[in-house]
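Residue numbers (the working numbering), protein chains in the order written: chain A, 1 to 412; chain B, 1 to 412.
See below:
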């Protein structure tokens, strides 16, 4: 109803639920998003988000690039642009990806609004109600959220410290009455598990995908943020005929641009382009051209080198602090790169219930259940982000968490 | 297959079609997008796109805003941000919309990546396979494209020069076995028809929506670009309890920002936020903050005033040129604002077939069929954009089109 000044003070509820599509009933607000709101309190140390370190954003370089793009190509930057993406940026990406084994043409690339949009468009193209998806448990919660909206079903595979366990997979597929349509993999510095899939397992997975005619979704947001050892051949390189590869500028340049890309065989890029036309017409030309300027001047490469050093040192700080402050029986992964590690608590702690006490102690994490389709599993696990906070804060946060856990184990 | 240097020279087709979801089979590339590619030839005069005039983009002001935002809030601008949108921008919008009768709070607003994303999210929330949508014929092709992807069905209503014909609608609804879930309306300067729905008809439509329990989608991208007469009360104002209102910066500021917004009752905003989390997490903070700076400094208001003058004069140029160059029997709408007018040719011309001859004569339009669900209808109509080209070019283009039509009518 509108009040006398026209302001809507109270609007009748027309019973919106009955107007909604069936899929809308399965959508839920992301656990992470809701948690982030809780953790916005002052003095909170949050390991919950997946945020890059804002102190290291290349702000001055972005400003120079904005200036250059607007001065020289302002009329193109502010106009509608092709759905496929800004061609010079796609050429730069094709060239750059060849260094880590992905040899493609610009026409194999589609620019999207963050990798989350790639996950959504893949859902739109490949997921019917009840379509089965093969993935690790745990797996990236954003993927679950994207595909739940298309009423997906999941077949999950356990993980160890080398990533998804491939042994036993053919038997599980043979036994399952309902064959998955695709397999979703995060091969490098898995979110949330922090593990890296070995080359041997990548090859085994490709063999299985070929045998069972599975499409492979290779989600690689952190691949360039490797601290230790050597790059491992991407799955795309091993099976270019059936792999859709996702990468992003969110972790290397800045998430505020919402800029990521998909690499796939051309018939699939055409389909993704159609889906993106209906979803949002095109990714903004302005941010693409600014990102291109930064890439092309060699700034991104330098910047990534710097970030690797910063994040390595923060990972080390978190691992050292875990050694120092955690009670007996707690273990964790030591990722070779990326933003996250995965902590396994003792069986006495349910990380979902314990969240409240942790927040009271002014430290936050994401409880493991958020990374399991349907929320079943991960009761004794938590995801910890080490990219956002500096070493001192990390140590203090882990100290608080360890204290709270010890108190809990001693009976609260 | 990978060649000896690792480049993917030829990739086996694994038979992707069989992996696709049912809905993907209904997706087609936008006719407009494909046409735009054809019309990229030199010397072509294109009335086909829906592009704002690039000569008038406020490039210097955008540059100043980028500078200000990065200098003062760079760490926020480049980081992840709330799905709901940048709060100060939503406050500014709530305040500004109150001038034309939409009195809401910032929590009634969701920022999206262009209105096309709003159409997509509405499809995701409200469209099951076979869900019926009530809309005018013709209607906006981007809406058809968004909702075809969710396997919508359409019930269409004819239009006259005052917009959708409401008389007869209750009878049509009573007769139809399958009740529509929502009605889609473009009340101001309709795309493609150029018509404006009268206040009387808006009220009748609201009565019908209440009687038949229909949600109303009010798509208003051009409302601020009114050249003549007075603003007409938005439908949202008449039925705030059941209307979802869409507007955008693409036509007033710049499409390259990909920035638009949805106004709706709060329970629907919450649902849209959930859908957007799965679709792309959030709209870029950077472009939202830059847009806010431009709005807040009063630049947008000045700029829109200027655009109204420019586009009015271009509309006049097109109407004058049509009078001068069109053969007998051709008619057109004279829109009170916006970017488009709608031409009805004589029955001897099929605008889809004629397209080829028109392109040969170096002038392009969008054939009417593109604006009819299923492509059935509009054989003797075409959409003409008058915002992109200057007066001289408009006159030359209409001259070419008139010549080509006269030649066609004289037997080719």
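Glycine residues also receive a C-beta, built at the ideal position from the N, C-alpha and C atoms. Since we're looking at a predicted model, the values are computed, not measured.
Note on residue 219(A): 16 or more other CB atoms within 10 angstroms of its CB, so buried under the neighbour-count rule. Against chain A, the CB of residue 215(B) has a partner CB under 7 Å away; the residue lies at that interface.
In the displayed model, residue 138(A) falls within coil according to three-state DSSP, outside both helix and strand. At a beta-carbon threshold of 8 Å, the residues of chain A lying near residue 255(B) are 78, 79 and 80, ordered along the chain. Excluding the 5 residues flanking it on each side, residue 395(A) has same chain C-beta neighbours closer than 7 Å at 317 and 321, in chain order. For residue 92(B), the enclosing alpha helix (DSSP H) has its first and last residue at 87–97. Each of 64(A), 244(A), 145(A) and 54(A) was checked against the Cα of residue 206(A), and the nearest Cα belongs to 244(A). As for any alpha helix (DSSP H) of minimum length 4 sitting wholly inside the region 284–339 of chain B, the runs are 285–296 and 299–325, ordered along the chain.
Counting only runs of 4+ residues, the alpha helix (DSSP H) found wholly inside the region 132–192 of chain A occupies 141–148 and 169–175, in chain order.
Collapsing the DSSP output to three states places residue 255(A) in a helix.
Here DSSP, grouped into helix, strand and coil, assigns residue 212(A) to coil. Taking a contact to require three or more Cβ pairs closer than 8 Å, the region 96–106 of chain B and the region 99–119 of chain A do not qualify as touching.
With fewer than 16 other CB atoms across the displayed protein chains lying within 10 angstroms of its CB, residue 301(A) is exposed.
Taken through DSSP and simplified to helix, strand or coil, residue 111(A) comes out as strand. For chain B, the residues of the region 43–62 of chain A that bring a beta carbon within less than 7 Å of one of its beta carbons are 51, 54, 57, 59 and 62, in chain order. Counting every other CB atom within 10 Å of its CB across the protein chains shown gives residue 373(A) a total of 16 or more, marking it as buried. Rounded to the nearest angstrom, the gap between the Cα atoms of residue 164(B) and residue 158(B) is 6 Å. Neighbourhood of residue 75(A) in chain B, by CB distance below 8 Å: 54, 55, 57 and 59, in chain order. If you ignore the 5 residues before and after residue 278(B), its C-beta comes within less than 8 Å of no other C-beta in its own chain. Legend: CB atoms of the region 384–404 of chain B lying less than 8 Å from CB atoms of chain A are not found in any residue. Residue 232(A) carries a coil assignment under DSSP once its states are collapsed to helix, strand and coil. By the neighbour-count definition (other C-beta atoms within 10 Å, threshold 16), residue 341(A) is a buried residue. Cβ-Cβ distances below 7 Å link residue 129(A) to 151 in the same chain, with the five nearest sequence neighbours on each side left out; the list follows chain order. For residue 271(A), the chain B residues whose C-beta falls within less than 8 Å of its own C-beta are 16, 20, 24 and 27, listed in chain order. Put simply, of 144(A), 388(A), 92(A) and 299(A) the residue whose alpha carbon is nearest the alpha carbon of residue 365(A) is 388(A). Straight-line spacing of the CA atoms in residue 141(B) and residue 371(B) works out to 5 Å.
For residue 65(A), the closest of 286(A), 198(A), 100(A) and 217(A) by C-alpha to C-alpha distance is 286(A). Flagged as an interface residue toward chain A: residue 242(B), by a C-beta distance shorter than 7 Å. In the three-state reduction of the DSSP assignment, residue 262(A) falls in the strand class, which pools E and B. Put simply, the CB of residue 72(B) is far from chain A, with every gap to its CB atoms at 7 Å or more. About 19 Å separates the beta carbons of residue 397(A) and residue 79(B), which is beyond the 8 Å limit, so they are not a contact pair. Distance check between residue 154(B) and each of 411(B), 50(B) and 375(B) places 375(B) closest, using alpha-carbon atoms only. In chain order, 47, 318, 340, 341, 343 and 365 place their CB closer than 7 Å to the CB of residue 384(A), counting only its own chain and leaving out the 5 sequence neighbours on each side. Relative to residue 131(A), the option among 260(A), 182(A), 404(A) and 406(A) whose CA is nearest is 182(A). Residues of chain B with a Cβ closer than 8 Å to the Cβ of residue 179(A) do not exist; the shortest Cβ-Cβ separation is about 11 Å.
DSSP, read as helix, strand or coil, puts residue 351(A) in helix.
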